[in-house]
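*Asks:*
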Amino acid sequence: MDYEIDSVHAEVSFAPSFVHRLHFTDDVLGADQGVLADVLEPSGDRPARVQFWLDEHVANAQPELRHQLRAFTAARADRMTLAGNVQIVEGGEAVKNDIHILERMLKVFNAAGLDRRSYVVVVGGGAVLDAVGFAAAIAHRGLRLVRLPTTTLAQGDSGVGVKNAVNLFGKKNWLGSFAVPWAVINDTSLLATLPDRDFVCGFSEAVKVSLLKDPAMFAELCATAPRIRQRDLTAALPAIRASAEWHRRHITRGGDPFESREARPLDFGHWSAHRLEAMTDFQVRHGEAVAIGVALDAVYSSLALGLPSEVSDRVLRCLTDLGLPLGHPALRDGQALFEGLEEFRQHLGGRLTLTMLRGVGDPIDVHEVDESLMRKALRRLEQLDPAAWTRSVGSPPTTHRPETTESAAGEPGLSLH
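Take a look at the structure:
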């Protein structure tokens, strides 16, 4: 039998269809539990099999959660069954640093008999979402992952995204995957026990996305930063939601969510942030590292790319008003920091591509860095927030606020009083 073949070579573009579900609730295991129930739809005529994973930090802060999760499934026995016990997993970056934890997660999935129509519901901070999400992504080539982020950072950024990863070889997110979560539920009540340090951390990502996408959002963040720092939810929740919506819009509206091109447009400030985390053995919070990275690249953009100095000053002031640091002692090893440029390039592949700023809402991709100007930017940050460059990890950020002044050269600058 003869077959007609147009060519011995074929290159066909195709686009798989994805659905991104994002819900905002106030009490997901109380008055709003119907939202979670609707997400966990049964498979055919069989009840959905659901396994819960809980960040140990959250489990300790909210001990009633385990009972609530069990009661939630028990009340819907006709629609879902609990696959094993509620699993408690180590919280923070430590869960991503031990590859054996990943193996143990997979063993739990296997022992419970989870399949592609089973649900893994993970309740926790960004690191736990990352690690459990990666395990779910590689088990049977993908279990249905439902994220309930419990930090401001995860609710406004990573929890909404399509990335999962763990750390390997001392490098941030070296082993990972892209996988669209089945659903994300951002719940206000889950933020209640978040420590102050972690509460403010999430807003560095909000500042970042506003600088890239939304001048009005950036202006609002600058105006409400002191209230956000005081945990005023009337200021904080709109900022989290706006950040989450911008990240979802990037994912769902042609923003290259799987990073197939050269640029990583939402990673402004991240080349140094990821490197700083590794340099400090991940003792610096991701949100703190991003704040420092955003500050550094804002100053560099003003020195090298024409970003008005009053804009970079405003960025630094906003971060400081939020209670975020502008530096860390590890940054004094500039050469070690600059190794992060090559790691960043390798992570994406191709030539080095960094997103910088010409203005708020006006990003630009650059393919090389003037090391002397970057060192000058580092020195500027140290002059502005010297305490951040000397205090030990875990100490509270400076409470000083930068104010515009005149530098010795007569250029607009910042000083801390």
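Position 417 of the sequence shown, counted from 1, bears residue number 442 in our numbering, the numbering being contiguous throughout. A virtual CB, placed ideally from N, CA and C, is assigned to each residue, including glycine.
With DSSP as the reference, identify every bridge partner of Asn189, one or two as the case may be.
*Replies:* Answer is Ser202, bridged to Asn189.
*Asks:* Using beta-carbon positions only, say whether Lys121 and Val191 come within less than 8 Å of one another.
*Replies:* In contact: Lys121 and Val191 (Cβ atoms closer than 8 Å).
*Asks:* Considering only the beta carbon of each residue, do Val309 and Leu301 sit closer than 8 Å?
*Replies:* Contact: yes.
*Asks:* On the DSSP letters alone, give me the boundaries of the beta strand (DSSP E) that Asp390 sits inside.
*Replies:* Start and end: 387-391.
*Asks:* Rounded to the nearest angstrom, how far is the Cβ of Arg129 from that of Leu168, given a contact under 8 Å?
*Replies:* Contact doesn't hold; Cβ gap of about 16 Å is too wide.
*Asks:* Measuring straight from C-alpha to C-alpha, what distance separates Leu246 and Ala329?
*Replies:* Going by the C-alpha atoms only, they are around 25 Å apart.
*Asks:* On the three-state DSSP scale, how would you describe Thr277?
*Replies:* Thr277: helix per DSSP, three-state reduction.
*Asks:* Could you check what DSSP says for Trp78 in three-state terms: helix, strand or coil?
*Replies:* Looking at Trp78 - three-state DSSP - the assignment turns out to be strand.
*Asks:* Among the residues of its own chain, which have a CB less than 8 Å from the CB of Val171, if the five just before and after it don't count?
*Replies:* Excluding residues within five positions, the ones whose Cβ falls inside 8 Å are Leu61, Val64, Leu65, Tyr144, Val145, Val146, Val147, Pro206, Trp207, Ala208, Val209, Ile210.
*Asks:* Start and end of the alpha helix (DSSP H) containing Val319?
*Replies:* 311-329 is the span of the alpha helix (DSSP H), which, as asked, contains Val319.
*Asks:* What does the alpha-carbon distance come out to for the pair Ser271 and Gly359?
*Replies:* Looking at the sequence shown, residue 271 is not Ser but Trp. Answer to the nearest angstrom: the Cα atoms are 33 Å apart.
*Asks:* Should the segment 222-235 be called in touch with the segment 371-378, which here means at least 3 C-beta pairs below 8 Å?
*Replies:* Judged by Cβ distances under 8 Å, the segment 222-235 makes no contact with the segment 371-378, as fewer than three pairs qualify.
*Asks:* Within the continuous alpha helix (DSSP H) that includes Val146, where are the two ends?
*Replies:* Careful: Val146 lies outside any alpha helix (DSSP H), inside the beta strand (DSSP E) at 144-149.
*Asks:* Which of the three DSSP states, helix, strand or coil, is assigned to Ala73?
*Replies:* Three-state DSSP puts Ala73 in a strand.
*Asks:* Following the continuous beta strand (DSSP E) through Pro174, name the residue where it begins and the one where it ends.
*Replies:* Taken as a continuous stretch (DSSP letters only), the beta strand (DSSP E) holding Pro174 covers 169-174.
*Asks:* Per DSSP, what are the beta-bridge partners of Val209 in this structure?
*Replies:* Leu47, Arg172, per the DSSP bridge assignment.
*Asks:* Between which two residues does the alpha helix (DSSP H) harbouring Val336 extend?
*Replies:* Looking at the DSSP string, the run of the alpha helix (DSSP H) that includes Val336 is 334-346.
*Asks:* Keeping to the same chain, check which residues put their C-beta closer than 6 Å to that of Val418; ignore five residues upstream and five downstream.
*Replies:* Since pLDDT at Val418 reaches only 48, below the 50 mark, its modelled position is unreliable, and the value read off the structure follows with that caveat. Gln308.
*Asks:* Pick out whichever of Gly331, Gly352, Ala303, Leu332 has its Cα sitting closest to the Cα of Ala316.
*Replies:* The option with the nearest alpha carbon to Ala316 is Gly352.
*Asks:* Can you check whether the CB of Ala156 is closer than 8 Å to the CB of Ile126?
*Replies:* Yes, the Cβ-Cβ distance between Ile126 and Ala156 is below 8 Å.
*Asks:* For Gly184, which residues from the same chain have a beta carbon less than 7 Å from its beta carbon, with the 5 sequence-adjacent residues on both sides left out?
*Replies:* Contacts found: Gly151, Leu154, Arg172, Pro174, Val209.
*Asks:* With a CB to CB cut of under 8 Å and the five nearest residues on each side skipped, what residues in its chain are close to Leu193?
*Replies:* So the list reads Ile124, Trp199, Leu200, once near-sequence residues are dropped.
*Asks:* The alpha helix (DSSP H) with Gly384 in it runs from where to where?
*Replies:* Premise fails: Gly384 lies in the beta strand (DSSP E), 379-384, not in any alpha helix (DSSP H).
*Asks:* Below 7 Å CB to CB, which residues in the same chain sit around Gly331 once its five sequence neighbours on both sides are set aside?
*Replies:* Arg383, listed in sequence order.
*Asks:* By Cβ distance, which residues of its chain are closer than 7 Å to Pro41, with the 5 residues on each side in sequence left out?
*Replies:* Result list for Pro41: empty, nothing under 7 Å.
*Asks:* Let's test the definition: count the other Cβ atoms within 10 Å of the Cβ of His92 and tell me whether it reaches 16, buried, or not, exposed.
*Replies:* Its Cβ having fewer than 16 others within 10 Å, His92 is exposed.
*Asks:* Go ahead and label Val44 buried or exposed: buried means 16 or more other beta carbons lie within 10 angstroms of its beta carbon, across all protein chains shown.
*Replies:* Classification for Val44: exposed.
*Asks:* When you compare the CB positions of Leu291 and Val234, do they come within less than 8 Å of one another, or not?
*Replies:* Yes.
*Asks:* Are Arg104 and Ala73 touching if we call contact CB-CB under 8 Å?
*Replies:* It is a contact, given that the beta carbons lie within the stated cut-off.
*Asks:* According to DSSP, simplified to helix, strand and coil, what is Leu58?
*Replies:* Just to set this straight, residue 58 is Gln in the shown sequence, not Leu. Of the three classes helix, strand and coil, the one that applies to Gln58 here is helix, per DSSP.
*Asks:* If contacts are defined as beta-carbon pairs under 8 Å, then Gly386 and Asp239 qualify, I think. What distance do you get, rounded to the angstrom?
*Replies:* With 8 Å as the limit, Gly386 and Asp239 qualify as a contact, their Cβ atoms being about 7 Å apart.
*Asks:* Which two residues bound the contiguous beta strand (DSSP E) that contains Leu107?
*Replies:* Leu107 -> beta strand (DSSP E) spans 105-107.
*Asks:* For Leu139, which residues in the same chain have their Cβ closer than 8 Å to its Cβ, ignoring the five residues on either side in sequence?
*Replies:* Result list for Leu139: Arg74, Gln76, Ala108, Val145, Ala164, His165, Leu168, in chain order.
*Asks:* Can you name, in chain order, every residue of its own chain whose Cβ lies under 6 Å from the Cβ of Pro282, other than the five neighbours on each side?
*Replies:* If we look at Pro282 and ignore the five residues flanking it on each side, its Cβ neighbours are Val187, Ile276.
*Asks:* Are Leu344 and Val324 closer than 8 Å when you measure CB to CB?
*Replies:* No, the pair does not count as a contact, with Cβ atoms beyond the cut-off.
*Asks:* Tell me the rounded alpha-carbon separation between Pro421 and Glu115.
*Replies:* With a pLDDT of 46 at Pro421, under the threshold of 50, the modelled position of that residue is not reliable, and no figure is offered here.
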